[in-house]
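Residue numbers (the working numbering): 164 to 471. In what follows, a single structure is set out as structure tokens and then discussed.
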């Protein structure tokens with residue numbers, strides 16, 4: 164691989180201990196490439212700065228930028244502008260890289276001038292209790308569709324995807340911004356090379372735990388989903404019934420999380436008519452059970468994903 168530097172962009176918000184794990188995973192990932200770690204901090208935790216200082220004083224190539232905006236899209240876009248690498252990696256502060264993350268791609272012949280994304284596999288860590296975590300790698304059963312598979316994390320981008328194709332995270336979005344990026348790349352016909360190996364460690368917390376800025380704001384989730392729906396409706400229509408069913412499912416879930424079950428039922432029913440998958444049918448039926456039933460269904464879905 165004829166590339167000399169890779170930039171790892173990590174947005175963070177008041178999660179210093181998780182950030183420390185994320186940064187350490189980048190350091191521990193062995194590679195012959197020069198690594199540049201860029202942390203974009205939109206929180207107010209003083210501990211984050213102390214962690215940055217610790218790594219910096221130990222000789223690691225780490226850059227820290229403090230911003231006021233709470234949007235993860237703005238943080239990532241600033242990271243893109245600040246980066247100097249030929250390749251870019253987006254790492255969430257609550258996730259981690261496998262020690263083999265870079266080694267597995269160093270033999271792929273990709274020119275730095277290419278417009279290419281290397282999409283690696285996920286290893287999921289489901290946290291059921293404080294100390295009980297299930298590790299699960301789920302191989303892809305079919306080619307990932309850009310309308311359902313976010314590519315922001317778990318991917319390695321050539322810098323030209325952003326610098327020449329003028330692709331950016333939509334700063335109007337605090338949710339679904341990664342899926343929006345996938346659709347932008349699909350529209351621009353960016354080449355994707357999948358590697359179905361568990362190289363990106365994704366930590367999935369219980370759905371009733373509010374561990375992130377965006378997770379707990381269901382009103383903003385609904386606003387973002389409405390915006391996303393309007394922005395990409397025609398795109399999903401062109402992708403066929405299965406894609407359009409998924410878009411309606413997203414709308415139904417956004418309404419459901421705000422306990423607006425009549426509206427949620429409208430979108431779930433559209434999804435079922437287009438593609439009667441079990442998750443769409445189940446979500447539709449759960450809207451008749453009220454808040455306890457609907458949210459119990461979410462928790463059961465989380466457990467099934469962790470245990471199957």
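Heads up, the beta-carbon is just placed ideally off N, CA and C, and yes, glycines get one too.
Boundaries of the beta strand (DSSP E) in which residue 253 is found, first to last residue: 250-253
C-alpha distance - residue 317 paired with residue 274, whole-angstrom precision: 20 Å
Whole beta strand (DSSP E) runs in the stretch 324-382 with 3 or more residues, listed along the chain? 354-367
Considering only residues of the same chain and omitting the five flanking positions on each side of residue 241, which have a CB-CB separation below 8 Å? 203, 228 and 230
Quick check on this structure: which residue in 234, 245, 248 and 190 has the alpha carbon closest to the alpha carbon of residue 218? 190
Using DSSP with H/G/I as helix, E/B as strand and the rest coil, what is residue 312? coil
Can you tell me where the beta strand (DSSP E) holding residue 287 begins and where it ends? 279-290
Taking DSSP's pairing of strands, which residues face residue 226 in a bridge? 201
Considering just the uninterrupted stretch of the beta strand (DSSP E) at residue 168, what are its terminal residues? 168-175
Among 320, 360, 250 and 179, which residue has its Cα nearest to the Cα of residue 262? 360
If you follow the beta strand (DSSP E) that residue 321 is part of, which residue opens it and which one closes it? 318-321
Inspect the beta-carbon positions of residue 353 and residue 319 and report whether they are closer than 9 Å. no
Would you mind reading off the limits of the alpha helix (DSSP H) that contains residue 424? 424-437
Which same chain residues, not among the five before or five after residue 411, have their C-beta less than 6 Å away from its C-beta? 430, 433 and 434
Which residues DSSP lists as bridging residue 298, in chain order: 288
Quick test of your reading: residue 285 and residue 363, contact by CB under 8 Å. State the CB separation rounded to the nearest angstrom. 5 Å
Give the single residue among 384, 224, 346 and 239 whose Cα lies nearest to the Cα of residue 416. 384
Are there 16 or more other CB atoms within 10 angstroms of the CB of residue 456, so buried, or fewer, so exposed? exposed
Could you check the C-alpha separation between residue 343 and residue 443 for me, to the nearest Å? 22 Å
Looking at C-alpha atoms only, which residue of 220, 336 and 446 is the closest neighbour of residue 426? 446
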